[in-house]
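Taken in order, these protein sequences are the chains called P and L. Using my numbering, read the first sequence as starting at -16 and increasing by one per residue. Using my numbering, read the second sequence as starting at 53 and increasing by one per residue. Ideal placement from N, C-alpha and C gives every residue a C-beta, glycine not left out. Predicted model, so just to flag it, every value in this text is computed and none were measured.
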Amino acid sequence: MTTPVPPSEPPDAAPVERPGAADFLLVQRTVAGDQKAFELLVMKYQRRIERLIGRMVRDVDLVEDIAQETFIRAYRALHQFRGEAQFYTWLYRIAVNTAKKALVDMKRDPTVSEAAFRGSDDDDDETYRPRNEPISDETPESVMAASEIAAAVNAAMEALPAELRQAVTLREIEGMSYEEIAEVMQCPIGTVRSRIFRAREAISAKVKPLLENQSGKRW
Amino acid sequence: MVNEMNDMTQTTIHEHVSALADGQLQGEEFAQALQALCAQDELRERWQTWHLVGDVLREGRHSPCTDTTRFVAALSQRLAAEPVPTRPSVVAATMHPATSGAEAANEPVFRWKLIAGVASMAAAAAIGWNWIAVGGAVPAGAQLAQQQQQQPAVPGDNAAALLAASAPGTSTIVPTRVVVGNGGASQVMLRDARLDQMLAAHQQAGGASQMPSGFLRNATFEGPSR
């Protein structure tokens, strides 16, 4: 990666007031020439995009290729993203179109798989799907690894002190802002920030060994 | 003491990156956290793990997917071959030197001012020369109006007489007033003797297919003086 990192000040260092504003600032930084900023967006959304594509394409090997193509297309069109919609909504459309095109190219009938995402144009597209339905033809090893990671996260969550667990639950599951959490927990915003950070660190400490074991594999 | 301060600073940066992952950071803190995140692999690993944890907590389970590190590495190789997705305005700005040869006509350049000045002077000279050559004579339209007022009515019924009478300075034409109309509604019409003569001279020559002469003939026949 030889792309020079632009000056530390982002193009628009305006206060982050709404969900997705941070994504937009990362987009702006990418457009300014910082490819690392785009990689942060990829790290954030890669799993969701793969899950989405996995519902349309049953071939596991193709899922990664289509996900790669999705991010490449998004990167090429990044200057067109104006921040009017959520970044994931924009990315979602690109992923769906890329998967459809891949299916057409393969002379398959996309209408069969299309039923899996029909009527789910928003961010909460995963909610309608039965929890235990297999996404694609996963190997038993990858399914087991995924289960272990989920179990480790849940166990670490249970082991957290009550105030850390509450803070991270309100943030990650309820989707509250720091200001709202501070109001609910009746503490300063700085305390909320600290509690969420410590909760994440504690959970990550339990999960990291599992991730290192699965490095490079599908899990 | 220095190590403690470094640890504290590092923890603060980690905390800021955590807030950045939630989109809850702003201003200078945002810039610093982003800068650190782009520069330190260790922070990027945390960023990746925190988002994984968030996904698992939201969904209640983890779906198998490609290892993110491997995915990003493969993607980075492909992105390296891609041009930076610059905004169109930036592209236009960078392309400006290549297209600067085509200047607008209203560019504040001396040669355009020179050309405009020469053209103005040429136009003024042409108008002046034309005025001097004519010598302040009355325009043609005004001449004709004067002529019509001075020419008398010429009796006769042929075109030759009419043409002779229309020679400048030989006679004065005075239009006559004629009362026309059917029944009680009479109207006054100005008649020109020269026109009547010319129409009479050409009456036989006018064909049915010649619209102007036929039309004029019909209008003339309404006159009670015939």
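- No Cβ of chain L is located within less than 8 Å of the beta carbon of Gln69(P).
- The way I'd put it, the stretch 10 to 20 of chain P doesn't touch the stretch 112 to 126 of chain L; fewer than three beta-carbon pairs between them come closer than 8 Å.
- Annotation for Leu23(P): Leu9 place their beta carbon closer than 8 Å to its own, counting only its chain and skipping 5 residues before and after.
- Contact between the stretch 140 to 153 of chain P and the stretch 181 to 193 of chain P is present, with at least three C-beta pairs closer than 8 Å.
- Taking 8 Å as the cut-off, the beta carbon of Val175(P) is found no closer than this to the beta carbon of Ala139(P).
- Here DSSP, grouped into helix, strand and coil, assigns Leu242(L) to strand.
- Take the alpha-carbon of Ala50(P) and the one of Val43(P): they are about 11 Å apart.
- By the CB criterion at 8 Å, Glu67(P) and Val46(P) fall outside the cutoff.
- Sixteen is the threshold: since fewer than 16 other Cβ atoms of the shown chains lie within 10 Å of the Cβ of Met173(L), the residue is exposed.
- Around the Cβ of Arg181(P), a 10 Å sphere holds 16 or more other Cβ atoms; the residue is buried.
- Contact check between the stretch 74 to 87 of chain L and the stretch 153 to 165 of chain P: three or more CB pairs, one atom from each, fall below 8 Å, which counts as touching.
- In this structure, the beta-carbon distance from Tyr71(P) to Pro137(L) does not fall below 8 Å.
- In this model, Leu242(L) and Asp248(L) are separated by some 12 Å (Cα to Cα).
- Here Lys27(P) is buried: its Cβ has 16 or more other Cβ atoms, across all protein chains shown, within 10 Å.
- Using a Cβ distance threshold of 8 Å, Leu72(L) and Arg30(P) do not count as a contacting pair.
- When the Cα atoms are used, Lys191(P) and Leu35(P) turn out to be separated by approximately 25 Å.
- Under the DSSP assignment, Gly79(L) falls in the alpha helix (DSSP H) whose first and last residues are 79 to 91.
- Glu155(P) sits close to Arg110(L), with the two beta carbons spaced by under 8 Å.
- Taking C-beta separations shorter than 7 Å and ignoring five residues to either side along the sequence, Met127(P) has no partners in its chain.
- For the pair Thr120(L) and Gln100(L), the CB atoms are nearer than the 8 Å cut-off.
- At least one beta carbon of chain L lies nearer than 8 Å to the beta carbon of Gln29(P).
- Comparing alpha carbon positions, the residue from Ala4(P), Val79(P), Ala133(P), Ala129(P) closest to Phe54(P) is Val79(P).
- Lys165(L) and Trp183(L) have their C-alpha atoms roughly 27 Å apart.
- At a beta-carbon threshold of 8 Å, the residues of chain L lying near Arg154(P) are Asp74, ordered along the chain.
- Contact with chain L is absent for Glu146(P), since none of that chain's Cβ atoms lies less than 8 Å from the residue's Cβ.
- Residues of the stretch 28 to 49 of chain P with a C-beta atom less than 8 Å from some C-beta of chain L are Gln29, Arg30, Arg31, Glu33, Arg34, Gly37, Val46, Glu47, listed in chain order.
- Per the DSSP secondary-structure output, Val230(L) pairs in a beta bridge with Met241(L).
- Classified as exposed, Thr122(P) has fewer than 16 neighbouring CB atoms from the shown chains inside 10 Å of its CB.
- In this chain, Val40(P) is not harboured by any alpha helix (DSSP H), its DSSP state being neither H nor E.
- By the neighbour-count definition (other C-beta atoms within 10 Å, threshold 16), Val108(L) is a buried residue.
- Inter-residue distance for Arg56(P) and Leu95(L) is about 27 Å (C-alpha atoms, whole angstroms).
- A Cβ-Cβ distance of about 4 Å is found for the pair Ala129(P) and Pro116(L), placing them in contact under the 8 Å criterion.
- Residues of the stretch 124 to 141 of chain L whose Cβ lies closer than 8 Å to any Cβ of chain P, in chain order: Val124, Ala126, Leu127, Ser128, Arg130, Leu131, Ala132, Glu134, Val136, Pro137, Thr138, Arg139, Pro140.
- Around the C-beta of Glu52(P), 16 or more other C-beta atoms lie within 10 Å, and the residue is accordingly described as buried.
- Put simply, the CB of Gln197(P) is near chain L, with a gap under 8 Å to one of its CB atoms.
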